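Trainee: Numbering-wise (our numbering), the sequence shown opens with residue 628 and increments by one.
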Amino acid sequence: MNDNETRLAAAWPCKTRELHNHHFDSTVWNDFVFRDDDIIVGTYAKSGTTWTQQIVGQILSDGSPEVDVASTSPWVDLRVPPKPEKLAAIEAQAHRRFLKTHLPVDALVYSPRAKYIYVARDGRDVVWSMHNHHANANALWYAALNDTPGRVGPAIEPPQGTVRDYFLDWMARDGHPFWPFWDNVRSWWAIRDLPNLLLLHFEDLKADLPGEARRIAAFLGVEVAEDRWPAILEHSSFAWMKAHAAQAAPLGGVFWDGGAETFINKGTNGRWRDTLTAEDCAAYEATARRELGEECAAWLAHG
Ligand code: A3P
628 MNDNETRLAA AWPCKTRELH NHHFDSTVWN DFVFRDDDII VGTYAKSGTT WTQQIVGQIL
688 SDGSPEVDVA STSPWVDLRV PPKPEKLAAI EAQAHRRFLK THLPVDALVY SPRAKYIYVA
748 RDGRDVVWSM HNHHANANAL WYAALNDTPG RVGPAIEPPQ GTVRDYFLDW MARDGHPFWP
808 FWDNVRSWWA IRDLPNLLLL HFEDLKADLP GEARRIAAFL GVEVAEDRWP AILEHSSFAW
868 MKAHAAQAAP LGGVFWDGGA ETFINKGTNG RWRDTLTAED CAAYEATARR ELGEECAAWL
928 AHG
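#1: State whether the segment 870 to 881 contacts the segment 809 to 818, with contact taken as three or more CB pairs (one from each stretch) at a distance under 8 Å.
#2: I'd like to know whether the C-beta atoms of residue 747 and residue 674 end up nearer to each other than 8 Å.
#3: Report the rounded CA-to-CA distance for residue 658 versus residue 807, giving the unit in angstroms.
#4: Would you report the Cα separation of residue 803 and residue 789, rounded to the nearest angstrom?
#5: Which value, in whole angstroms, describes the spacing of the CA atoms of residue 648 and residue 781?
#6: What separation, rounded to the nearest whole angstrom, lies between the Cα atoms of residue 750 and residue 663?
#7: Counting Cβ pairs, one atom from each stretch, are 3 or more of them under 8 Å apart for the segment 707 to 718 and the segment 733 to 748?
#8: Hey, could you find the ends of the beta strand (DSSP E) residue 745 is sitting in?
#9: Only counting the same chain, and skipping five residues up and downstream in sequence, which positions put a Cβ closer than 8 Å to that of residue 768?
#10: Return the CA-CA distance between residue 914 and residue 844, expressed in angstroms with no decimal places.
#11: For residue 865, which of 929, 888, 846 has the nearest alpha-carbon?
#12: Please classify residue 800 as buried or exposed, where buried requires at least 16 other C-beta atoms within 10 Å of its C-beta.
This is the structure we're talking about:
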């Protein structure tokens, strides 16, 4: 085992393989050469990753409509392309790099020099978004996930049953059929006071995009001319991103027959309220409190 695998095994003896079952390669961070101005956007998944990448891309480009997050902001720990190719492509980037990860912070090499932005979203919203992502994926997506060299574990199958069934399974098997949820949120929350981490919440991005975008710019040390904000905010809006979804969604949306608009789907929270029972919600909330502690669970729920 290399450094990251050893650390993962020590932290979560039974979850290391589970993480590796899917398409992560956390070892890529062992060989990653940081630059002082690197930006890493982290989330569990389906939590506003792409949106935050878009906001960052807009801030860095003074609101250029040309920014193509899908190709300029790679997912570092994705197993594809293979590690040497991935690292070479990232190394070749001449612009200020903004990269994506879905790992818990314990599984990264955390640089004190880079800037990290972590975005959280209520687990129920995550599942509703994930279900759309998964249920509408095409054969190319399954092939990319299941046939990736180095991947082990059972193949990911199309979801069965209702979205509630999907939620209950995700709860019962912590993130199934993808990766563990609670560890991810808890790990980033634990380091929230570090000066090079900015913790964001999907709900706050929705409630006050201008305010949150200004916080991001200040955190990144980017001075934005006042007259550039309208373009930055327009290009970070749901309507604009939906209309230009191929510039944002992974690989331009090839994994969905409905295209990238399937990925930039609804952009709303609380769609589970009409479906989950009061008991389902109580069970979720109790698990959140147990797994995260009161303060973090309250922040995640953002109620
Ligand atoms: P929904 O599936 O609930 O619509 P990620 O990039 O982490 O996979 O997250 C995807 C989610 O972010 C999707 O949620 C997507 O619609 C939403 N999203 C992307 N851009 C957005 C925007 N500008 N405003 C609101 N939601 C956005």
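Yeah, the Cβ is synthetic: ideal placement off N, Cα and C, and Gly gets one too.
If you're wondering where the values come from, they're calculated on a predicted model, not measured in any experiment.
Mentor: This is what the structure holds:
#1: no
#2: yes
#3: 24 Å
#4: 15 Å
#5: Low confidence applies to residue 648: its pLDDT is 47, below 50, so where it sits in the model is not reliable enough to give any reading.
#6: Inter-residue distance for residue 750 and residue 663 is about 33 Å (C-alpha atoms, whole angstroms).
#7: no
#8: 742 to 747
#9: For residue 768, the CB contacts under 8 Å within the same chain, skipping 5 residues up- and downstream, are 882, 883 in chain order.
#10: 35 Å
#11: Per the Cα distances, 888.
#12: exposed
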